[in-house]
Amino acid sequence: MNKKVLLFMSLLGTVRILSSVRLKRPYCFLASAGEGLTPGQGQVQLLAATSQCDVIDVITESGVLLRRLYTHKGERVSLSRPLYLHVPTTRDPDVAALVVDSGRRVLFALNAEGQTIFTFKPKGEAALECPLGVASVPGAGLILLADRDKNRVQLLSRRGSLLKGPVDREGLHLQALRPQRQRARTSCSDPSGRLGEDLQDTIN
C-alpha cells in the first residue's frame, strides 16, 4: 500500500504477478471502470481510492491519472475505510459509480462529475452494520448491497430506495427483477452460497 505500485496478477493455478505499474499516489481500493468514466481515452480505466480515503481518482491501467472524481469538500460525504467501489455495467446517465464506506456504514452514488446523487444510510431494521460489498444487476440497474454483520443482502432501486426488504439466508426476494432477461454477475454472495444460483434462475 505504501509502495505506490499497481500489480496485475493471475489467480488461475499458481498465483503470480503478470505486470506492475508505478503510481504517484498510494491507492488502496480499486474497481474496473472499463472505458466509460472518461470516454475517448482508448484504455481500460480504474476507479481508485487512496489509502487515506481522501480522494477517488480515475486512472488508466498504466497508472496515468485521468481526473479526480471525488474529494472531501463541504457538504460531501466524508470517507472512512475500507471502501468498496463499483462501476455499474449498465450505463446510467446519472450514476457513474457506487461507493460503500463500511466505516461510516453508508452507500453513496456519484455522477460523472463526482457529485453525490444519493446516499443510503437507513435507520431501524434496515440500518447497515458492516456493509462489505456492492454490485449492480445488468439491465435492471438495481443495486445489491451486502452487509456482513447483518448476514444479508439488500436490494435497492437505481436511486437508492430499499426494495422488498432485506435478502437473507432464508431466501432471495427479487420479484422486481423478473421482467429483466439479463444474466447477473456479482461478487457479493450470501452465507448459504445460493445467491449466485438464485440470481441466475430469477432474472432469466
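Under mature numbering (1 follows the signal peptide of the UniProt record, and there is no 0), the letters of the sequence shown match residues -20 to -1, 1 to 184, in that order.
Beta carbons: idealized from backbone N, C-alpha and C, even for Gly.
None of these values were measured; they are calculated from a predicted model.
Residue 92 is not bridged by DSSP to any residue.
For residue 25, the beta-bridge partners assigned by DSSP are 14 and 40. Rounded to whole angstroms, residue 137 and residue 117 show a C-alpha spacing of 10 angstroms.
A direct Cα-Cα distance of roughly 30 angstroms separates residue 29 from residue 105. Rounded to whole angstroms, the separation of the alpha carbons of residue 97 and residue 122 is 15 angstroms. When 9, 73 and 7 are compared, the shortest CA-CA separation from residue 17 is found for 73.
DSSP places residue 107 in the coil class of the three-state scheme, outside both helix and strand.
Within the same chain, -17, -16 and 43 come within 7 angstroms of residue 2 by CB-CB distance, once the 5 residues on both sides are set aside. Residue 128 holds the alpha-carbon nearest to the alpha-carbon of residue 112 among 128, 119 and 100. Per the DSSP secondary-structure output, residue 52 pairs with nothing in a beta bridge. Here residue 112 carries a strand assignment [DSSP, helix/strand/coil]. CA-CA distance, residue 120 to residue 14, rounds to 19 angstroms. The distance from the Cβ of residue 33 to that of residue 63 is about 6 angstroms, consistent with a contact at the 8 angstroms cut-off. Excluding residues up to 5 positions away in sequence, -12 lie with their Cβ nearer than 8 angstroms to the Cβ of residue -6 in the same chain.
Leaving aside the five residues that flank residue 75 on each side, the residues in its chain whose CB is nearer than 7 angstroms to its CB run, in chain order, 68, 89, 91, 97 and 138. By the beta-carbon neighbour count (other beta carbons within 10 angstroms, threshold 16), residue 82 is buried. Residue range 77 to 81 is occupied by the beta strand (DSSP E) that includes residue 81. Between residue 86 and the set 41, 93, 8 and 134, the nearest pair of CA atoms involves 134.
Membership of residue -3 in the beta strand (DSSP E) is indicated by the continuous run -5 to 2. Closest option to residue 10, judged by alpha-carbon separation, among -9, -10 and 31: 31.
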